[in-house]
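Numbering (this note's numbering), first residue to last: 1 to 36.
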């Protein structure tokens with residue numbers, strides 16, 4: 001729990017928290033999540 005997932009695919013996992021992208025990263029290119 002609490003691990004960070006970095007992906008080039010979007011996931012819809014109810015227990016994962018979507019995290020904001022770092023400045024300069026275009027939306028839709030990468031996705032960041034925190035596993036719960």
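Even glycine gets a Cβ: it sits at the ideal position worked out from N, Cα and C.
- Residue 36 has its alpha-carbon roughly 20 Å from the corresponding atom of residue 8.
- The beta carbon of residue 29 sits closer than 6 Å to none of the beta carbons in its chain outside the five residues before and after it.
- Under the three-state reduction of DSSP, residue 23 is assigned to coil, being neither helix nor strand.
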